[in-house]
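Q: Take a look at the following structure, please.
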DNA sequence: CCAGCAAAGTAAACCGCTTTACATAACGAA
DNA sequence: TTCGTTATGTAAAGCGGTTTACTTTGCTGG
């Protein structure tokens with residue numbers, strides 16, 4: 274592998290000249306430039322990024338940290354981040370934490386170790402304070418999709434409250450009054466906000482919320498399944514369910530199918546996220562779409578600003594959109 | 274950020290001593306060890322990986338290269354690789370090529386740039402020779418899931434032929450004789466092999482393969498849709514379809530639903546891959562499961578062997594498994 | 001009493017690049 | 001002729017580790 278010095282020697286100049294030339298820090302006459310270019314081509318020189326990084330202290334790389342690789346929502350988000358980062362010449366190193374606190378901590382430390390210039394954190398579990406404390410000591414982090422309370426960094430979220438409100442209103446408008454809601458861990462911002470949106474819609478229609486129909490657990494298929502079974506087991510059944518994540522909705526769908534409850538005939542259902550499979554399931558799922566591409570794009574933009582010290586704290590809320598498919602029917606009392 | 278020298282000074286020894294101690298290249302008396310440990314703790318020293326890598330030329334990192342982030346199959350594969358790599362203390366940098374030749378080339382060059390010690394390549398388009406030529410000049414690459422003809426590196430594939438054979442036999446055993454097959458780009462090894470399996474099963478049952486029912490295109494939902502429409506438009510319809518990827522199967526399913534062809538009543542369907550959504554669609558898809566976790570694990574193991582120079586070329590075939598769900602029915606002539 | 005050896009380190013070069021401060025030559029102006 | 005500029009570079013010190021080849025010291029055995 275050719276080095277900078279090899280090129281310099283080949284071109285008959287000093288390594289300094291080559292380095293500065295390549296970084297546009299010097300004006301050289303045409304002749305010299307040609308010789309250097311020729312040497313680079315001849316030797317197939319490619320700068321050693323490691324050395325460059327060590328020397329400059331900049332890595333030109335960022336890392337989206339996602340809880341689950343394999344979760345389509347986070348992957349779409351990460352892909353969006355990647356696309357935008359690439360446009361700006363930044364390398365992207367994806368890392369997944371599998372919802373493991375220790376791995377989240379690792380990711381942050383990796384930033385500290387200069388692996389990357391910045392982090393875009395996504396998480397799906399409530400923080401016990403560990404992350405907040407760690408993040409407080411680091412620069413160049415932006416939070417995406419979910420909050421970590423107590424840290425003051427740029428944040429990119431969606432209108433969770435409005436989304437859940439719209440979803441619930443759709444059900445109410447279809448004549449439903451007995452509506453259950455299934456959501457993730459009570460500690461998460463998104464859970465609280467979506468729940469708030471649900472309550473506001475119910476309140477607005479003058480319907481009392483039955484607290485035994487408010488089921489909080491994990492944002493997982495398994496919990497969706499379990500929650501739906503619990504609802505079916507209760508003496509009075511709701512006629513509609515708001516699932517605060519498409520993962521939950523899928524679980525619900527499975528449980529209902531097993532119980533031979535027809536969606537939307539016997540039970541209406543609306544999800545949240547609009548994951549890629551939402552339109553593939555049976556029936557195609559009515560759900561609240563998050564603007565994934567825009568979220569990723571914006572998160573990177575914020576991070577870049579942070580890296581270049583042109584920004585401190587900001588929080589952005591992106592709008593969501595109700596996507597009506599086939600999982601909601603009119604309630605025929 | 275504390276450096277090795279800081280630690281050395283604090284402990285009253287030379288940087289060399291600290292370095293060698295940390296890398297287990299020297300035996301030091303208890304007292305010295307304690308002083309170094311104390312200094313490390315006091316200064317919260319963390320080695321600078323960049324410097325370490327520059328110095329040693331080893332990165333202790335690998336990179337799975339996948340065509341599409343967002344494709345659950347590749348993501349599961351990547352996750353499996355990651356899990357195994359982590360067990361061995363290797364960092365994992367995921368990169369996606371979006372099926373773009375230029376980005377595949379980039380990924381290989383990154384290896385050359387010493388970003389990573391090795392690559393696990395996945396691809397989903399036939400190579401025009403570019404990749405083969407590039408790979409021939411590089412060490413430490415292993416191919417996963419799909420072949421790139423003409424390169425001699427370790428490879429981890431599945432029994433494509435057997436899988437398609439089993440799937441087709443299932444249909445034949447259910448009484449079907451008019452069977453169509455939909456697959457990806459004809460240049461891909463997996464396509465050829467799955468097609469071969471299909472033909473062997475048909476031949477074994479003494480059924481002639483109708484070549485106008487052999488539809489090759491892309492491994493995508495769109496092509497699945499298109500191919501299914503083509504089959505429906507033909508005067509004689511098959512009674513069953515072998516889709517050589519679950520992505521294709523999903524597209525087929527959509528087209529059939531639109532045409533109000535009931536699966537499996539009017540048309541039986543079997544997929545390939547067993548992607549996570551396969552059991553979520555309607556009807557749950559009968560498909561051929563690839564042992565994703567084992568594939569990822571093995572690919573990393575091979576790569577590690579390669580890095581440590583303990584292996585040259587090998588090719589492993591992992592068995593697949595037919596997962597019977599609800600998309601196949603008996604043919605009632 | 002001293003050669004010889006093990007124990008406990010260390011000096012300095014190196015990995016490949018960047019950057020600051022300085023050098024040399026040529027040229028025009030005073 | 002001499003001086004100041006400008007154009008065209010260069011030497012050398014980092015960045016933070018690793019590693020090879022030594023050195024020093026103390027002990028042991030003959």
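Protein chains in written order, with the numbering used here: chain A, 274 to 606; chain B, 274 to 606.
Idealized CB from N, CA, C, for every residue including glycine.
Inspect the CB distances between the region 433-442 of chain A and the region 513-530 of chain A and report whether three or more fall short of 8 Å.
A: yes
Q: DSSP state of residue 533 of chain B, grouped into three classes?
A: coil
Q: Residue 542 of chain B: which of B/549, B/530, B/531 and B/526 sits nearest, CA to CA?
A: Nearest of B/549, B/530, B/531 and B/526 to residue 542 of chain B, Cα basis: B/526.
Q: With a threshold of 7 Å on Cβ separation, who are the neighbours of residue 347 of chain B within its own chain once the five nearest residues in sequence on each side are excluded?
A: In chain order, 339, 340, 341 and 395 place their CB closer than 7 Å to the CB of residue 347 of chain B, counting only its own chain and leaving out the 5 sequence neighbours on each side.
Q: Nearest-angstrom Cα distance between residue 323 of chain A and residue 390 of chain B?
A: 13 Å
Q: According to DSSP, is residue 430 of chain A part of a helix, a strand, or is it coil?
A: strand
Q: Run the CB neighbour count on residue 524 of chain B, radius 10 Å, all protein chains shown included, and call it buried at 16 or more, exposed below.
A: buried
Q: Helix, strand or coil for residue 600 of chain B? Go by DSSP, reduced to three states.
A: coil
Q: Skipping 5 residues on each side, what residues in its chain have a beta carbon closer than 6 Å to that of residue 564 of chain B?
A: So the qualifying residues of the chain are 591.
Q: Give the straight-line distance between the Cα atoms of residue 604 of chain B and residue 501 of chain B, rounded to the nearest whole angstrom.
A: 19 Å
Q: I'd like to know whether the C-beta of residue 389 of chain A is nearer than 8 Å to at least one C-beta of chain B.
A: no
Q: Along chain A, which residues have their Cβ under 8 Å away from the Cβ of residue 369 of chain B?
A: 352 and 355
Q: Which residues bound the beta strand (DSSP E) around residue 347 of chain B?
A: Counting along the chain, residue 347 of chain B sits inside no beta strand (DSSP E); it lies in the alpha helix (DSSP H) bounded by residues 345-360.
Q: Could you name the residues of the region 319-344 of chain A whose beta carbon sits closer than 7 Å to any beta carbon of chain B, in the order they occur along the chain?
A: Flagged, chain order: 319, 321, 322, 323, 324, 326, 327, 342 and 343.
Q: Compute the minimum distance between the beta carbon of residue 300 of chain A and the heavy atoms of the ligand FAD, and state whether it is under 7 Å.
A: Inclusion of the ligand FAD in the displayed structure is not the case, the ligand content being empty and no account of it being possible.
Q: Here's the rule: buried if 16 or more other CB atoms are within 10 angstroms of the residue's CB, otherwise exposed. What is residue 300 of chain A?
A: exposed
Q: What is the rounded straight-line gap between the Cα of residue 423 of chain B and the Cα of residue 402 of chain B?
A: 8 Å
Q: When you compare the region 546-566 of chain B with the region 542-553 of chain A, are there three or more beta-carbon pairs, one atom per stretch, that lie closer than 8 Å?
A: yes
Q: Residues of chain B with CB closer than 7 Å to the CB of residue 348 of chain A, please, in chain order.
A: Near residue 348 of chain A (Cβ distances below 7 Å), the residues of chain B are 342, 343 and 348.
Q: Counting only beta-carbon separations shorter than 8 Å, does residue 554 of chain A have a partner in chain B?
A: yes
Q: So, with DSSP's three-state summary, where would you put residue 328 of chain A?
A: Shown here, residue 328 of chain A sits in a helix according to DSSP, grouped into three states.
Q: So, is the C-beta of residue 411 of chain B closer than 8 Å to a C-beta in chain A?
A: Chain A, which has no Cβ nearer than 8 Å to the Cβ of residue 411 of chain B, makes this no.
Q: Scan the region 502-532 of chain A for residues whose Cβ lies nearer than 9 Å to a Cβ of chain B and list them as they occur along the chain.
A: 523, 526, 527 and 530
Q: Measuring only the C-alpha atoms, how far is residue 276 of chain A from residue 369 of chain A?
A: The straight-line gap from Cα to Cα measures roughly 34 Å.
Q: How far does the beta strand (DSSP E) with residue 546 of chain A in it reach, from first residue to last?
A: 541-546
Q: Determine the chain A residues that contact residue 382 of chain B at a beta-carbon separation under 8 Å, and present them in chain order.
A: 319
Q: Under 6 Å Cβ to Cβ from residue 448 of chain B, same chain only, skipping five residues before and after it: list those, please.
A: 603 and 604
Q: So that I know if they touch, is there some Cβ in chain A lying closer than 8 Å to that of residue 386 of chain B?
A: yes
Q: Residue 560 of chain A and residue 601 of chain A: beta carbons closer than 8 Å?
A: No. Outside cutoff.
Q: Would residue 278 of chain A be called buried (16 or more neighbouring beta carbons within 10 Å of its own) or exposed?
A: exposed
Q: Taking DSSP as the reference, what is the three-state secondary structure of residue 558 of chain A?
A: coil
Q: Distance cutoff 8 Å, beta carbons only. Does residue 550 of chain B sit that close to anything in chain A?
A: Judged by the 8 Å Cβ criterion, residue 550 of chain B is in contact with chain A.
Q: Less than 8 Å separating the beta-carbons of residue 385 of chain B and residue 577 of chain B?
A: no
Q: Roughly how far, in whole angstroms, is the beta-carbon of residue 308 of chain B from the beta-carbon of residue 285 of chain B, given that I think they are within contact range, below 8 Å?
A: 6 Å
Q: Over what stretch of residues does the alpha helix (DSSP H) that includes residue 338 of chain A continue unbroken?
A: It is not in any alpha helix (DSSP H) - residue 338 of chain A instead sits in the beta strand (DSSP E) that spans 334-339.
Q: Between the region 276-307 of chain B and chain A, which residues of the former have CB atoms less than 8 Å from a CB of the latter, in chain order?
A: none
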